[in-house]
Structure formats: structure tokens, C-alpha cells
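Working notes for the structure below.
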Amino acid sequence: MRASLLPFKKLSLNSETGEIKKKLQNQDKNIELVFSYLDELMEKQENPPARNPIGFRSNNS
């Protein structure tokens with residue numbers, strides 16, 4: 002009986018490995034997306050826009 006169930010076990014293992022591969026590919030894409038967003042944020046932080054000073058300005062300065 003075990004011998005007759007062996008092909009089904011192999012099929013289930015193949016389907017499970019296929020599902021795992023799909024999940025890993027999806028996670029790889031998500032990780033790449035996160036790193037691209039981090040790169041964009043780092044670029045923005047390196048080149049901040051010029052700001053006007055805040056506060057009271059006297060005519061003497």
C-alpha cells in the first residue's frame with residue numbers, strides 16, 4: 002500500500018516546492034522594492050532643499 006502512495010507523495014512534494022518557489026520570488030521582488038525606496042530616501046536626505054531661516058530679523062544684521 003505504501004508503494005502505491007509513493008507517487009502521490011512525490012506529487013505533493015513537487016507542488017509544495019513550487020508554492021515555496023513562488024513565495025520566495027514574490028518576497029525577492031518585495032525586498033528589491035524596499036531597497037529601491039530606501040535608496041530614494043537616502044538621496045533625498047543627501048540633497049535637502051534650501052530653507053529660509055525662521056525668526057525675527059532685525060535691520061542691524
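Residue numbers for the sequence shown follow our numbering, so the first one is 2 and each next one is one higher. Just so it is clear, CB atoms sit at the ideal spot from N, CA and C, and this is done for glycine as well.
- Between the alpha carbons of R58 and N48 lies a distance of about 27 Å.
- Taken through DSSP and simplified to helix, strand or coil, N31 comes out as helix.
- The C-alpha of T18 is placed about 29 Å away from the C-alpha of S37.
- In the three-state reduction of the DSSP assignment, N48 falls in the coil class, being assigned neither a helical nor a strand state.
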